[in-house]
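Encoded as structure tokens, the structure appears first; notes follow it.
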Amino acid sequence: MLENFISDLNDALYSYILIILLILGGLFFTIKTKFVQFRLFKEQIKAVTEKPSDGKGVSSFQALMVSTASRVGTGNIIGVSTALCLGGFGSVFWMWIIAIIGSASAFVESTLAQIYKKKGPDGCYGGPAYYIQTALKNKPLAIIFTIFLILTYGFGFNMLASYNLQSTFSEYSFYNGETTPWIIGLIIAIIVGYCLLGGGSRVIKVTTLLVPVMGVAYIAVSAITVLINIKMLPSVFQQIFSQAFDFNAIFGGFSGSCIMYGIKRGLFSNEAGVGSAPNASASAEIDHPAKQGLVQVLSVFIDTLLVCSATAFMCMCSGIEPTKELSGAPYVQAALSSTLGAFGPVFITVAMILFAFTTLLGNLYYVDQCVNFILGKVPSKKIQHFYHIIAAIVIFIGSGLSADLLWNIADVTMGGMTLINMPVIFILSKYAFRALKDYEKKIKNGEKATFKATDINLPHSVDCWK
Numbered sequence: 015m016l017e018n019f020i021s022d023l024n025d026a027l028y029s030y031i032l033i034i035l036l037i038l039g040g041l042f043f044t045i046k047t048k049f050v051q052f053r054l055f056k057e058q059i060k061a062v063t064e065k066p067s068d069g070k071g072v073s074s075f076q077a078l079m080v081s082t083a084s085r086v087g088t089g090n091i092i093g094v095s096t097a098l099c100l101g102g103f104g105s106v107f108w109m110w111i112i113a114i115i116g117s118a119s120a121f122v123e124s125t126l127a128q129i130y131k132k133k134g135p136d137g138c139y140g141g142p143a144y145y146i147q148t149a150l151k152n153k154p155l156a157i158i159f160t161i162f163l164i165l166t167y168g169f170g171f172n173m174l175a176s177y178n179l180q181s182t183f184s185e186y187s188f189y190n191g192e193t194t195p196w197i198i199g200l201i202i203a204i205i206v207g208y209c210l211l212g213g214g215s216r217v218i219k220v221t222t223l224l225v226p227v228m229g230v231a232y233i234a235v236s237a238i239t240v241l242i243n244i245k246m247l248p249s250v251f252q253q254i255f256s257q258a259f260d261f262n263a264i265f266g267g268f269s270g271s272c273i274m275y276g277i278k279r280g281l282f283s284n285e286a287g288v289g290s291a292p293n294a295s296a297s298a299e300i301d302h303p304a305k306q307g308l309v310q311v312l313s314v315f316i317d318t319l320l321v322c323s324a325t326a327f328m329c330m331c332s333g334i335e336p337t338k339e340l341s342g343a344p345y346v347q348a349a350l351s352s353t354l355g356a357f358g359p360v361f362i363t364v365a366m367i368l369f370a371f372t373t374l375l376g377n378l379y380y381v382d383q384c385v386n387f388i389l390g391k392v393p394s395k396k397i398q399h400f401y402h403i404i405a406a407i408v409i410f411i412g413s414g415l416s417a418d419l420l421w422n423i424a425d426v427t428m429g430g431m432t433l434i435n436m437p438v439i440f441i442l443s444k445y446a447f448r449a450l451k452d453y454e455k456k457i458k459n460g461e462k463a464t465f466k467a468t469d470i471n472l473p474h475s476v477d478c479w480k
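Numbers given in the working numbering equal positions in the sequence shown, counted from 1, plus 14.
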């Protein structure tokens, strides 16, 4: 009954409400920022390389790596594979669309997170809960948002990442469906628990090191696979576009269509508009809020247009037909195996280990920020250790549960976050637009792009930018 109820709720959310909210919201932000995601690509690259002026604190690059660690994860492999197997090749096109449109939403939410961030003894922090509380004066709504985030990232996504990781071992002879998932889950839980006990600084260091390495290696192997099967490429593109616009098939069964799977798995992967990445964005020590907004646009592009596309083309060019039985890790492993032999499944297993590990750490970094908000302070070490142990237990449990149930739980709780965050950033977006205008004006005049709250006539009292 629980699984059916969550599945029905999931279909209702993604069939109508979230599709309208995300696409209309993203289009509005895209038009109001004059296509900031394309127009200021040079500034995105420039902003990500800047370091804090005092040489201390979290840099834009480090904040990007934490948010990318959460974005670039098991969803880039398992999520894309699931979309191809259940929604068809056309789902790739709708993933691209939701990323391009959604990147403008990512700009707005991350710029707002910077404007309304707080200053603490260990650096800056913030996110949607803080701009809801400060600008809208609505702490109950902020708390509801943080609860959804904890349920999404501390439970739903982390249980799913744990399950997805252990499922990649199902191709090996030693895999036993009754005991192996729990053994792998226990190992993951212990390693993640060790990193968590080292605090946020250890999380940032680990993700900053692993994310670029795993991303580059994964894209390189994908490119090699596509080049080996280059003759398949014209046929792949033809199928992507023909299936994406096969409206008879789409509206004949919308809940299982390429649009539905493209948007669901695209949103799960890039998280634009969901309200998660702003928690990492707020930690960056920069001299203008718009810079971190631009950095997060880049994160969405890295996630979907690079890593998700790498998985999609690696699978589609292999010649292996996607089926419901192959859905998930087995499809990606079969696709790579057909091109690269025994190396393929082993590489996917290694990639999944790295992707899942950094996803788990990035997700729990967000949970830490939410716990801090609910308590109104950084909790004592005893309390931190207590809920970190719970987080590790959740990871262990997730490894042995049903994949369908986990996907649906994660989709529903993420939908709850989006239903709160998107209307809020729409209401507050004028301050992000003013910040962008101020940033562009100073760049155009050859000035140093520094920022004060008075530059955009901000009517709210903020900790920083005075």
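Even for Gly, the Cβ is constructed at its ideal location relative to N, Cα and C.
Beta carbon of residue i nearer than 8 Å to that of residue j
i, j, result
"TYR130", "ASN377", "no"
"PHE121", "VAL311", "yes"
"LEU350", "GLY342", "no"
"THR239", "THR148", "no"
"GLN51", "GLN306", "no"
"ILE277", "ILE112", "yes"
"ALA449", "ILE457", "no"
"CYS329", "VAL314", "no"
"ALA97", "ALA406", "no"
"PRO344", "LEU126", "no"
"ILE254", "VAL106", "yes"
"GLY137", "HIS402", "no"
"PHE183", "THR363", "yes"
"THR419", "GLU64", "Note that residue 419 is Leu in the sequence shown, not Thr. No, the Cβ-Cβ distance between LEU419 and GLU64 is not below 8 Å."
"LEU36", "GLY287", "yes"
"SER124", "SER295", "yes"
"PHE327", "SER187", "no"
"VAL426", "ASN24", "yes"
"LEU368", "MET228", "yes"
"LYS132", "GLY140", "yes"
"LEU163", "CYS331", "no"
"CYS99", "PRO437", "no"
"ILE439", "ILE157", "no"
"PHE465", "THR47", "no"
"PHE103", "GLY289", "no"
"GLN58", "SER413", "no"
"TRP108", "LEU319", "no"
"ILE91", "MET366", "yes"
"CYS322", "VAL476", "no"
"LEU374", "ILE397", "no"
"MET274", "GLY101", "yes"
"ASN243", "GLY333", "yes"
"HIS399", "LEU211", "yes"
Range of the contiguous alpha helix (DSSP H) that encloses residue i
i, result
"TYR208", "194 to 210"
"PRO292", "291 to 295"
"ASN243", "Counting along the chain, ASN243 falls outside any alpha helix (DSSP H), and DSSP gives it neither H nor E."
"GLY492", "Any question about residue 492 goes unanswered here, given that the chain covers just 15 to 480."
"VAL50", "50 to 53"
"GLU17", "16 to 26"
"PRO401", "The sequence given here has Tyr at residue 401, not Pro. Per DSSP, TYR401 belongs to the alpha helix (DSSP H) from 395 to 412."
Let me know the alpha helix (DSSP H) ranges lying completely inside the stretch 99 to 173, each 4 residues or longer, listed in chain order. Whole alpha helix (DSSP H) segments, 4+ residues: 104 to 129, 142 to 150 and 153 to 163.
Is the stretch 111 to 127 close to the stretch 28 to 44, with three or more CB pairs under 8 Å? Verdict: yes, contact present.
Give a yes or no on contact between the stretch 156 to 175 and the stretch 371 to 389, applying the rule of three or more CB pairs nearer than 8 Å. The stretch 156 to 175 is in contact with the stretch 371 to 389.
Tell me whether the stretch 144 to 162 and the stretch 309 to 323 touch, counting them as touching only if at least three CB pairs, one residue from each stretch, are closer than 8 Å. Cβ pair count under 8 Å is below three, so no.
Taking contact to mean 3 or more Cβ pairs, one atom from each stretch, closer than 8 Å, check whether the stretch 176 to 185 and the stretch 193 to 213 are in contact. Contact between the stretch 176 to 185 and the stretch 193 to 213 is present, with at least three C-beta pairs closer than 8 Å.
Does the pairing of the stretch 434 to 452 with the stretch 466 to 473 give three or more beta-carbon distances under 8 Å? Yes, they touch.
Which runs of the alpha helix (DSSP H) spanning at least 4 residues fall entirely within the stretch 312 to 388, listed in chain order? Counting only runs of 4 or more, we get 323 to 330 and 343 to 354.
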